[in-house]
Amino acid sequence: MSPDRLTLTRSEAIRRRKEDDQKRVDKLTQKRAGTLKPAAAPKPAAKPRAERATPRVSSAVSRNRFRARYDVAALPVRGQVSAAHAQAPAISLPKIEFGPRWFSMLVVIACVAMLYFYVTEPYFLVQEAVIEGNQRVTSQDINSVLGIANQPAALLNPGQIEYNILASFPEIYGAYVQVELPAQVTITIAERQPMAAWVQDGQTIWVDAQGYAFPPRGLAQGLVTVTAAGAPPTPTNLNVTQTIGARPFLTAELSAAIATLSPHVPVGAALVYDPQYGLGWSDPGGWQAYFGQNNGDMTAKLQVYQALVEMLTARGTQPSLISVEYPDSPFYRVNGDN
Numbered sequence: 390m391s392p393d394r395l396t397l398t399r400s401e402a403i404r405r406r407k408e409d410d411q412k413r414v415d416k417l418t419q420k421r422a423g424t425l426k427p428a429a430a431p432k433p434a435a436k437p438r439a440e441r442a443t444p445r446v447s448s449a450v451s452r453n454r455f456r457a458r459y460d461v462a463a464l465p466v467r468g469q470v471s472a473a474h475a476q477a478p479a480i481s482l483p484k485i486e487f488g489p490r491w492f493s494m495l496v497v498i499a500c501v502a503m504l505y506f507y508v509t510e511p512y513f514l515v516q517e518a519v520i521e522g523n524q525r526v527t528s529q530d531i532n533s534v535l536g537i538a539n540q541p542a543a544l545l546n547p548g549q550i551e552y553n554i555l556a557s558f559p560e561i562y563g564a565y566v567q568v569e570l571p572a573q574v575t576i577t578i579a580e581r582q583p584m585a586a587w588v589q590d591g592q593t594i595w596v597d598a599q600g601y602a603f604p605p606r607g608l609a610q611g612l613v614t615v616t617a618a619g620a621p622p623t624p625t626n627l628n629v630t631q632t633i634g635a636r637p638f639l640t641a642e643l644s645a646a647i648a649t650l651s652p653h654v655p656v657g658a659a660l661v662y663d664p665q666y667g668l669g670w671s672d673p674g675g676w677q678a679y680f681g682q683n684n685g686d687m688t689a690k691l692q693v694y695q696a697l698v699e700m701l702t703a704r705g706t707q708p709s710l711i712s713v714e715y716p717d718s719p720f721y722r723v724n725g726d727n
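Taking our numbering, the leading residue of the sequence shown gets 390, the next gets one more, and so forth.
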């Protein structure tokens with residue numbers, strides 16, 4: 390046969406159709422199976438001429454062969470299925486381990502439960518405080534300003550209790566608060582001891598030896614009364630921003646002068662204060678005696694005063710005022726002197 394002929398023999402046409410069908414099957418298998426690539430079909434061996442004359446394979450037969458190849462590629466065909474593939478997939482559960490975090494959580498839960506028990510159980514609720522060291526301020530008055538009735542002892546603030554006491558009672562200068570479980574509060578206080586009762590403009594205040602003033606309360610033994618014609622000098626230790634507690638009212642020198650001079654006041658006389666002449670008394674003889682604003686040279690002042698009184702009495706002179714504020718230069722006045 391000539392090599393440049395244009396017509397194909399029947400056997401060549403059948404072989405080319407089979408090759409085209411195989412290419413289409415391979416292309417469809419790659420599209421459907423994705424990465425799973427079926428095994429390549431073995432190339433059919435050369436058949437005798439008699440078999441080449443068989444009719445062409447239909448499209449249905451080709452599709453059946455494609456399905457068979459796809460199934461074979463997805464499932465193993467040879468050998469037995471291994472035990473690992475035969476088992477169902479195991480469900481893994483989280484493993485619970487008891488470590489330090491669990492212990493910390495149990496401690497927190499126990500603390501919360503204990504705190505709840507402390508703040509709700511009546512056994513741990515305070516009713517009133519035990520007051521020690523008070524003299525003129527009653528325990529009932531102190532308990533009325535504490536604000537601790539029916540409060541859990543575990544939540545009380547000793548600093549706040551001390552503040553309430555000092556803010557309510559200027560005559561108390563110290564308070565030690567002790568809180569103990571289950572429900573005990575003990576307060577030890579220190580009161581100021583009044584030395585003199587200062588009367589000015591119709592009002593009376595008590596003053597201690599340090600010059601601090603506070604309102605009168607109760608009874609005080611041996612209290613000296615000072616009647617003032619005006620305000621005393623402002624103490625240098627006065628703090629104008631102070632909001633609680635007693636404030637200094639008298640200078641330390643004037644307070645000491647009251648304590649020194651009060652035992653020498655004649656019977657029937659009373660201490661007086663004049664802003665110009667200082668501290669003194671109204672003598673039963675009918676004159677005013679003054680000893681100045683401080684306690685300096687008080688012994689010498691008393692000696693000079695006594696000598697001056699004796700001299701005036703011997704002369705028969707009736708003074709209206711005697712001042713020994715400066716013992717080196719005392720003076721006196723009689724009625725009609727300016």
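For every residue, glycine included, the Cβ atom is placed at its ideal position computed from N, Cα and C.
7 Å Cβ shell around residue i - same chain, five flanking residues per side excluded
{"i": "Thr706", "result": "Val723"}
{"i": "Ala648", "result": "Met584 and Ala598"}
{"i": "Ala678", "result": "Gly669, Trp670, Asp672, Tyr694 and Ile711"}
{"i": "Thr398", "result": "none"}
{"i": "Met390", "result": "Residue confidence is low: Met390 scores 46 on pLDDT, short of 50, so the model does not pin down where it sits. Its coordinate-derived value is still stated next. So the list is empty, once near-sequence residues are dropped."}
{"i": "Phe558", "result": "Val526"}
{"i": "Val654", "result": "Leu660 and Trp670"}
{"i": "Asn553", "result": "Val534, Leu535 and Gly536"}
{"i": "Gly522", "result": "Thr577, Ile578 and Ala579"}
{"i": "Gln547", "result": "Residue identity check: residue 547 is Pro in the sequence provided, not Gln. So the qualifying residues of the chain are Val566 and Val568."}
{"i": "Gly657", "result": "Pro673"}
Residue(s) in a DSSP beta bridge with residue i
{"i": "Asp590", "result": "Partner(s): none; Asp590 has no beta bridge."}
{"i": "Leu495", "result": "The partner list for Leu495 (beta bridge, DSSP) is empty, contrary to what the question assumes."}
{"i": "Ile403", "result": "Bridge partners of Ile403: none, in fact."}
{"i": "Ile520", "result": "Ile576"}
{"i": "Ile711", "result": "Ala678 and Tyr721"}
{"i": "Glu408", "result": "Beta-bridge pairing links Glu408 to no other residue."}
{"i": "Tyr565", "result": "Thr577"}
{"i": "Pro541", "result": "Leu514"}
{"i": "Pro583", "result": "Asp597"}
{"i": "Thr616", "result": "Val588 and Val661"}
{"i": "Ala602", "result": "Val596 and Arg636"}
6 Å Cβ shell around residue i - same chain, five flanking residues per side excluded
{"i": "Ala463", "result": "Residue confidence for Ala463 is low, a pLDDT of 49 falling below 50, so the modelled location carries little weight and cannot support an answer."}
{"i": "Tyr662", "result": "Val615, Ala617 and Leu668"}
{"i": "Gln567", "result": "Thr575"}
{"i": "Pro571", "result": "Tyr512 and Phe513"}
{"i": "Ile520", "result": "Ser528, Ile531 and Ile576"}
{"i": "Ala556", "result": "Ile633"}
{"i": "Ala442", "result": "The predicted position of Ala442 is uncertain, since its pLDDT is 45 and thus under 50; no value can be drawn from it."}
{"i": "Gly563", "result": "Ala579"}
{"i": "Pro622", "result": "Thr640"}
{"i": "Lys416", "result": "none"}
{"i": "Gly619", "result": "Pro664"}
{"i": "Asn539", "result": "Leu514"}
{"i": "Cys500", "result": "none"}
{"i": "Asp393", "result": "Bear in mind that the predicted position of Asp393 carries a pLDDT of just 46, short of 50, making it too unreliable to give a figure here."}
Nearest-angstrom Cβ-Cβ length linking residue i and residue j, presumed shorter than 8 Å
{"i": "Arg606", "j": "Val526", "result": "6 Å"}
{"i": "Glu642", "j": "Phe603", "result": "Between Phe603 and Glu642 the Cβ distance is about 20 Å, and since that is not below 8 Å, they are no contact."}
{"i": "Phe638", "j": "Val698", "result": "With a Cβ gap of about 31 Å, Phe638 and Val698 do not count as contacting."}
{"i": "Ala579", "j": "Leu612", "result": "The pair is not a contact, with the Cβ atoms about 19 Å apart (cut-off 8 Å)."}
{"i": "Gln686", "j": "Pro716", "result": "With the sequence shown as reference, residue 686 is identified as Asp, and Gln is not the correct amino acid for it. Indeed, because the Cβ distance is near 6 Å, the residues count as touching under 8 Å."}
{"i": "Ala659", "j": "Asn684", "result": "That pair is no contact at about 19 Å."}
{"i": "Tyr565", "j": "Arg581", "result": "About 16 Å; that fails the 8 Å criterion."}
{"i": "Pro708", "j": "Trp676", "result": "5 Å"}
Same chain, Cβ closer than 8 Å to residue i, five either side skipped, listed in chain order
{"i": "Glu486", "result": "none"}
{"i": "Ile537", "result": "Val515, Glu517, Ala518, Leu545, Ile550 and Val574"}
{"i": "Glu714", "result": "Tyr666, Gly667, Tyr679, Phe680, Gly681, Gln682 and Lys690"}
{"i": "Pro719", "result": "Val693, Tyr694, Leu697, Ile711, Ser712 and Val713"}
{"i": "Val470", "result": "At Val470 the pLDDT is 48, less than 50, meaning the model places this residue with poor confidence and gives no usable figure here."}
{"i": "Ala627", "result": "Here residue 627 turns out to be Leu, not Ala, going by the sequence shown. Excluding residues within five positions, the ones whose Cβ falls inside 8 Å are Arg636 and Pro637."}
{"i": "Leu504", "result": "Ala543"}
**Message:** Please give me, in chain order, every unbroken run of the alpha helix (DSSP H) with length at least 4 that falls completely inside the stretch 626-685.
**Reply:** 641-650
**Request:** Take every Cβ of the stretch 586-596, pair it with every Cβ of the stretch 528-546, and state whether three or more of those distances are shorter than 8 Å.
**Result:** no
**Message:** Whether or not the stretch 498-513 and the stretch 533-550 are in contact is what I'm after, with contact meaning three or more pairs of Cβ atoms, one per stretch, closer than 8 Å; do they touch?
**Reply:** yes
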